[in-house]
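A.B. asks:
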Amino acid sequence: MVAAAAPDPNALLTMSLPVAGERDTGATAATSPSGAASGVLNMRLERVSSAADLKWKKEKDEVEEEVEDEEEVGMEEVVEDEEVEEEVVERRSMWRGLNVNCTDSSGYTPLHHASLNGHRDVVLKLLQFEASTNVADSKGCFPLHLAAWRGDVDIVRILIHHGPSHCRVNQQNHESETALHCAAQYGHSEVVSILLQELTDPTMRNSRNETPLDLAALYGRLQVVCMLVTAHPNLMSSHGTRRHTPLHLAARNGHHSAVHTLLEAGMDVNSQTENGSALHEAALYGKMDVVRLLLDSERGHRYMEREREREREERIIRKGGERRDK
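FYI, the numbering for the sequence shown is 14 to 339, going by our numbering.
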C-alpha cells in the first residue's frame, strides 16, 4: 500500500482562493477541489449581508422619519415638554449606533463622569454628540450639580450654554438641592455668580429646609454670603422656618465674619426661632467671639433705637412749637 504524500505547505501559498464579495469562476473551481463549495458559501454570505444591510437601513430610515415627524408636527410640544425633547435626543443618539446617554450602576452617564472630574474637552465632545445635560444619576444629580459641587467654572458654563437640550438650572436632586446649593455650601463664589446670572432661584430650600444662603452661613463661606445678601436682600427676611435663620447657623458654628456681614446687611439680631436667638446658639456652643459681637451689636441696636426715639420726640416738639407760633 502506497503511503499518502504529505501536503506541501508551499502549495497553500499558490492556491487560488476565492475573494470575499466575488463569485468564484469556473477556473477557480477547477484549480481548487473546494472552489465550488466556497463559491456557494460566498454567494450565501452576500445575500445575508445584503439582507442585513437593507434591514438596518430600513430601521434607521423609520426611526429618522419618525423623529422628523415628531419635530415637524409637535415642535411646540417638544419645546413645552422637556421630557419629549430628551426622548428625541436620546433616540437620535441610539440609531447612530452609540447611546451617549447610557448609565452605569450609579446612574452616571459619560457626561456625569467628565463633569465631575473636570475633563472640559471630553464634556464638549460628548455634548457635540448630543449627550443630554438633564439625565439624573441614582441620587437625582444632573451633571450640573457635580460641576457646581466641584467648582468648575468652565464646565458649568459649558453645560448651561452648549448641548442639544436646555440645561435645567433649578433642577433639584433627591435631597431637593439645586446646583446653587452645591456651589454655596463649598464656597465656589464664581460658580454662584454664574448661576445667579442664569436666574437660578436662591430661595429654593432643600429637604432640611435650607436655602443656599443658609448653607453658606452654616459653613462660613463669607464671599458667597456677601454675594447672596447683596444680590437678593429679600433673603434676609424670608426665613420660612422656625428652626433657624442664616444668623443662627453662622453663630452656632462660630463664623464671626459671616455673623458680622449678616448683621451689617440688616438681619435682626433678636430674631427668634424654637431654639431662641443667635445669642442662645453662640452661647450653647461656646463661641466667645460671636457672643461678644452679638452683645456689641445688641448694645449698638439699643443705642440706635434710643437715637431714633429721641429724634422722633424732637420732631414732635418742633411741630408743637410751630402750631403755637401760628
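All C-beta atoms, glycine included, are put in the ideal place defined by N, C-alpha and C.
(1) Sorry if obvious, but does the Cβ on Ala263 come closer than 7 angstroms to a heavy atom of the ligand NAD?
(2) Which residue from Val303, Met240, Gly120 puts its Cα closest to that of Gly200?
(3) So, is Ala127 buried or exposed, given that buried needs 16 or more other C-beta atoms within 10 angstroms?
(4) Do you know whose CA, among Lys152, Glu322, Ser310, Met280, lies nearest Ala230's CA?
(5) Which same chain residues, not among the five before or five after Val204, have their C-beta less than 7 angstroms away from its C-beta?
(6) So, helix, strand or coil for Thr224, using DSSP?
(7) Rounding to the nearest angstrom, what Cα-Cα distance links Glu327 and Gly267 in this structure?
(8) Pull up the distance between the alpha-carbon of Arg249 and that of Leu124, whole angstroms please.
(9) What does the alpha-carbon distance come out to for the pair Ser270 and Glu287?
(10) Tell me the DSSP bridge mates of Thr286?
(11) Quick one: grab the DSSP three-state call for Lys152.
(12) Would you mind reading off the limits of the alpha helix (DSSP H) that contains His175?
(13) Look up Lys332 in the DSSP assignment and say whether it is helix, strand or coil.
(14) Could you check if Cys115 is buried or exposed, using at least 16 other CB atoms within 10 Å of its CB as the buried criterion?
(15) Find out if the Cβ-Cβ distance for the pair Gln198, Leu228 is shorter than 8 angstroms.
(16) For Ser202, which three-state DSSP category applies?
(17) Assign Lys332 to one of two classes, buried (16 or more other C-beta atoms within 10 Å of its C-beta) or exposed (fewer than that).
(18) Which residues bound the alpha helix (DSSP H) around His125?
(19) Report the three-state DSSP secondary structure of Ala144 (helix, strand or coil).
C.D. replies: Reading from the atomic positions:
(1) This structure lacks the ligand NAD, and indeed carries no ligand of any kind.
(2) Position 187 of the sequence shown, counted from the start, is the residue given in the question as residue 200. Gly200 has its Cα closest to that of Met240, out of Val303, Met240, Gly120.
(3) Taking the first residue of the sequence shown as 1, we reach residue 127 at position 114. Around the beta carbon of Ala127, 16 or more other beta carbons lie within 10 angstroms, which makes this residue buried.
(4) If you number the sequence shown from 1, residue 230 lands on position 217. Of Lys152, Glu322, Ser310, Met280, the residue nearest in Cα terms is Met280.
(5) Taking the first residue of the sequence shown as 1, we reach residue 204 at position 191. Taking Val204 as the centre and dropping the five residues before and after it, the same chain places the C-beta of Ala161, Gly164, Val166, Val169, Ala196 closer than 7 angstroms to its C-beta, in chain order.
(6) One-based indexing of the sequence shown puts residue 224 at position 211. Looking at Thr224 - three-state DSSP - the assignment turns out to be coil, as it is neither helix nor strand.
(7) Walking along the sequence shown from the start, residue 327 turns up at place 314. Walking along the sequence shown from the start, residue 267 turns up at place 254. Cα to Cα, Glu327 sits roughly 41 angstroms from Gly267.
(8) Counting from 1 along the sequence shown, the entry for residue 249 is found at position 236. Counting from 1 along the sequence shown, the entry for residue 124 is found at position 111. Checking the displayed sequence, the identity of residue 249 turns out to be Met instead of Arg. Using only the alpha carbons, I get a separation of about 37 angstroms.
(9) By 1-based counting over the sequence shown, the position of residue 270 is 257. By 1-based counting over the sequence shown, the position of residue 287 is 274. So the two alpha carbons sit approximately 24 angstroms from each other.
(10) Within the sequence shown, the letter at position 273 stands for residue 286. Gly289, per the DSSP bridge assignment.
(11) By one-based count along the sequence shown, residue 152 stands at place 139. Coil.
(12) Here the question's residue 175 lines up with position 162 in the sequence shown. No alpha helix (DSSP H) contains His175, which DSSP labels as neither H nor E.
(13) Within the sequence shown, numbered from 1, the residue matching residue 332 stands at position 319. For Lys332, the secondary structure class from DSSP, reduced to helix, strand or coil, is helix.
(14) As a first step, residue 115 must be located in the sequence shown, where it is residue number 102. Residue burial is scored here from C-beta neighbours: Cys115 has fewer than 16 other C-beta atoms within 10 angstroms and is therefore classed as exposed.
(15) Sequence index remark: in the sequence shown, residue 198 carries index 185 (1-based). Sequence index remark: in the sequence shown, residue 228 carries index 215 (1-based). Between Gln198 and Leu228, the C-beta spacing is below 8 angstroms.
(16) Residue 202 sits at position 189 when you count from the first residue of the sequence shown. Three-state DSSP puts Ser202 in a helix.
(17) Looking up residue 332 in the sequence shown gives position 319. Exposed is the call here.
(18) For this step, residue 125 is matched to residue 112 along the sequence shown. Annotation: the continuous alpha helix (DSSP H) that includes His125 extends over 123–129.
(19) The residue you call residue 144 lines up with position 131 of the sequence shown. Here Ala144 sits in coil by DSSP.
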